[in-house]
Each structure stands twice: as structure tokens, then as C-alpha cells.
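Visitor: Dropping the structure in here first, questions after.
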Ligand code: PBG
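Residue numbers (this note's numbering): 1 to 325.
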């Protein structure tokens, strides 16, 4: 009988050894909490498709931001839900619009204790739910949208945002936002580009969260799940246009893309664990089908292992709390 010479199991014998040899770990500073804030809301409103996630009032947003700072999170990504929407998404560029107010509130609350970011896109603000303005034929007009994005970037910068996250997948959006920021003297406002963003079914619960009016889909501007190479091209373009951080989204179904981007490019790589990824784990756990905490931890570690150094996750507060204790 011959016995194995090599025994990888030796490094798995107990929690102390496993902890010592673990290559990847989570840290609160690598996590960004996405948060929804709704205009004219009087009480935080729970989202049925995302148990544990709320639409916030301005006041509850402040508290959440303070909590995020106390837990040492890396950042907070703000999404605004206006009371009235229109064809061009006017609320996005109104200094008194909900997102710009939220940015001011959060900056006042946390100062520079964490990175205050805002989703730079029109879909929460348009009555048709698309990420840009439409041509008379109803197609998203790329270059007219860039003008709106540039104005929105400046409005967010004036409100005090540290970092903007252009997420609409218009061609040239990073360059347009960078140029507008620079022209207004906002050279130090950085851009976290949603560089590789796929037309995903897993955004479903997010549509409830932002009360999206979208009919149809975003397949003419978001990427086709059948394509991987397209993501590398998008990332290269965004970096050339001035992106400081590039993001892959969603995370779970696109970990191969995260890995390829992290291997190839020399900028920080973020991944967004999106609404559907959150809801699936919560739903399975609520049914008793999986161990909730272990599944959350494992899902986040897989994103780190794929190569993302920054993760947007709706569990950021909970995970940061657990890491501290
Ligand atoms: C666009 C945007 C979306 C998400 C973040 N930014 C929706 C979309 O592209 O359809 C989705 C995030 C999630 O599902 O958690 N403003």
C-alpha cells in the first residue's frame, strides 16, 4: 500500500491553520454600501424584493451613512428616487433634486470619513426609465445623453460628491464627465466607471428599489451576456477616457470578466454584487435552503478571489459589523 506524500489536508486541519493560510479576506474598507434615498418619504420603506434593504428618508440616510463611517466602510454609493420624473431626467441636474440633496446631507454627516459616491445615470429620473434621453423614434440618443451626464456630474460635484459612478453605458461617457468636471475646477473628483456592465436579468429587484418606469430592456447599450471580449474593450476605453477605478457588474455571473480585467489592467477593479444576487441568497436562506451567513461570506470571497479589490454589496454594513466582532 502506498501513502500520499503530499497532504494538502494538513493545511485545513483546524480554523487557526485555515485562517493563517487563507489568501483572501474581506475588510470593511473594501466594501461600498449602495443606498436608496427617496424624495418626500416620511418613514424608511422596506423593499419586498430585497429583505433588509430600504428606501431611505433623508434623515435615515444620514444615520446609515454615519453607521457606515463608524464601521469603517470604504464608501457609500447613493441612488436618488425623485417624486416627479420627466423625459430628460431634470431631477438629476436640479441642485435641489433628491440625489444632490442627499450628497450634501451625507457629506455634512461624514465629511471625509468615507468616500461619498453617486450613481451618475438618468434612469431613476426619466419617466420612460431609460438611462438617457430619447430620439423622436424612441431610441436612446448617445450624444445628447452625454450632455446630460456632463451636467449631472457637475451638479454632483457642486453638491460635494467625492467620486461619481457613470453607469449608463453611453459611449464616451467617462470622457464627457471628466472634461466637464475639469472645466469647472473639479480635477480631484474621481470617476468610478461602470465600465463592463451587462444587460442582466439580475437587476430585477433594483427596478422596484428605484421605482423604474422602464418598459422593454437596455440591450442596445448594456452588454450582451454572450460576450466577454467586449468587456475588455469597454474597460480599455474607459481607462483611456480617464476612469480612475473600473467596475464589472453584475459580479456573480461575470467573475470570469472580473478576473480578466484584474489581470490585464493597472487600475483598481471593483465589482457590484447586484440586487438579484442579494435577493437570491436572502430568498434561499429564508426558505432554509442555505446557510445565510456562510453563503454571503462565500459569495463575497469569490469576488475577491476573482480579482476585485473593491466590492459594492447591500450587505456591507452587516458584513463589516461581523468582521469587527
Ligand atoms: C443604473 C443602475 C442600475 C443598477 C445600478 N445602476 C440598473 C440598470 O442598469 O438597469 C442596478 C444595481 C442592482 O441591481 O443592484 N442607474
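The beta-carbon is built from N, C-alpha and C at its ideal position, and this holds for glycine as well.
#1: Which runs of the alpha helix (DSSP H) spanning at least 4 residues fall entirely within the stretch 8 to 57, listed in chain order?
#2: From what residue to what residue does the beta strand (DSSP E) around residue 195 run?
#3: Using DSSP's beta-bridge definition, name the partner residues of residue 271.
#4: Is it true that the stretch 66 to 75 meets the stretch 91 to 104, where meeting means three or more beta-carbon pairs spaced less than 8 Å apart?
#5: Where does residue 336 land, buried or exposed, given buried means 16+ other C-beta within 10 angstroms?
#6: Among the candidates 220, 15, 186, 43, whose CA atom is the shortest distance from the CA of residue 168?
#7: Pop quiz: residue 173 and residue 198 are said to be a contact at Cβ under 8 Å. What is the actual Cβ separation, rounded to whole angstroms?
#8: Out of curiosity, what's the CA-to-CA distance linking residue 364 and residue 165?
#9: Rounded to the nearest angstrom, what separates residue 196 and residue 130 at their Cα positions?
#10: Beta strand (DSSP E) containing residue 205: first to last residue?
#11: How far does the beta strand (DSSP E) with residue 119 in it extend, from its first residue to its last?
#12: Taking Cβ positions, are residue 159 and residue 114 nearer each other than 7 Å?
#13: If you reduce the DSSP assignment to three classes, tell me which class residue 71 lands in.
#14: Give a yes or no on contact between the stretch 179 to 194 and the stretch 204 to 218, applying the rule of three or more CB pairs nearer than 8 Å.
#15: DSSP three-state label for residue 64, please.
#16: Should residue 245 be listed as close to the ligand PBG, given that the test is whether its C-beta is under 6 Å from any heavy atom?
#17: If we count Cβ pairs, one from each stretch, closer than 8 Å, do we get three or more for the stretch 243 to 261 versus the stretch 307 to 316?
#18: If we ignore side chains and look at the alpha-carbon of each, how far apart do residue 61 and residue 223 end up?
#19: Mind reading off the beta-carbon distance from residue 82 to residue 125? Whole number of angstroms is fine, and I expect it under 8 Å.
#20: Please determine if the stretch 274 to 293 and the stretch 312 to 322 are in contact, where contact requires at least 3 C-beta pairs separated by less than 8 Å.
#21: My assumption, with CB atoms under 8 Å, is that residue 155 sits in contact with residue 106. Please give the rounded CB distance.
Guide: Concretely, from the data shown:
#1: 15 to 21
#2: Taking the first residue of the chain shown as 1, we reach residue 195 at position 195. Looking at the DSSP string, the run of the beta strand (DSSP E) that includes residue 195 is 190 to 197.
#3: Taking the chain shown and counting its residues from 1, the one referred to as residue 271 is at position 271. Residue 271 pairs with 248, 311.
#4: no
#5: Lying outside 1 to 325, the shown extent of the chain, residue 336 is not represented and no answer is given.
#6: Your numbering for residue 168 matches position 168 in the chain shown. When each option's Cα is compared against that of residue 168, the closest is 220.
#7: Reading the chain shown from its first residue, position 173 is the one you call residue 173. Reading the chain shown from its first residue, position 198 is the one you call residue 198. Wrong, their Cβ atoms sit about 16 Å apart, outside the cutoff.
#8: No answer is possible for residue 364: the residues shown for the chain start at 1 and end at 325.
#9: Mapped onto the chain shown, residue 196 falls at position 196. Mapped onto the chain shown, residue 130 falls at position 130. Residue 196 and residue 130: Cα-Cα distance of roughly 18 Å.
#10: Translated into positions along the chain shown, residue 205 becomes position 205. No beta strand (DSSP E) holds residue 205; the alpha helix (DSSP H) holding it covers 204 to 209.
#11: Taking the first residue of the chain shown as position 1, residue 119 is located at position 119. From DSSP, the beta strand (DSSP E) with residue 119 extends over 115 to 120.
#12: For the purposes of this step, residue 159 is identified with residue 159 of the chain shown, where counting begins at 1. For the purposes of this step, residue 114 is identified with residue 114 of the chain shown, where counting begins at 1. Not in contact: residue 159 and residue 114 (Cβ atoms no closer than 7 Å).
#13: Your numbering for residue 71 matches position 71 in the chain shown. Reduced to three states, the DSSP call for residue 71 is coil.
#14: no
#15: Locating residue 64 in the chain shown gives position 64, counting from the first residue. Reduced to three states, the DSSP call for residue 64 is helix.
#16: Residue numbering aside, residue 245 sits at position 245 when the chain shown is read from its first letter. Result no, Cβ not under 6 Å from the ligand PBG.
#17: yes
#18: On the chain shown, position 61 is the one that residue 61 refers to. On the chain shown, position 223 is the one that residue 223 refers to. Approximately 32 Å between the Cα atoms of the pair.
#19: Sequence index remark: in the chain shown, residue 82 carries index 82 (1-based). Sequence index remark: in the chain shown, residue 125 carries index 125 (1-based). About 6 Å; that satisfies the 8 Å criterion.
#20: yes
#21: On the chain shown, residue 155 is found 155 positions in, with the first residue counted as 1. On the chain shown, residue 106 is found 106 positions in, with the first residue counted as 1. Residue 155 to residue 106, Cβ: 15 Å. No contact.
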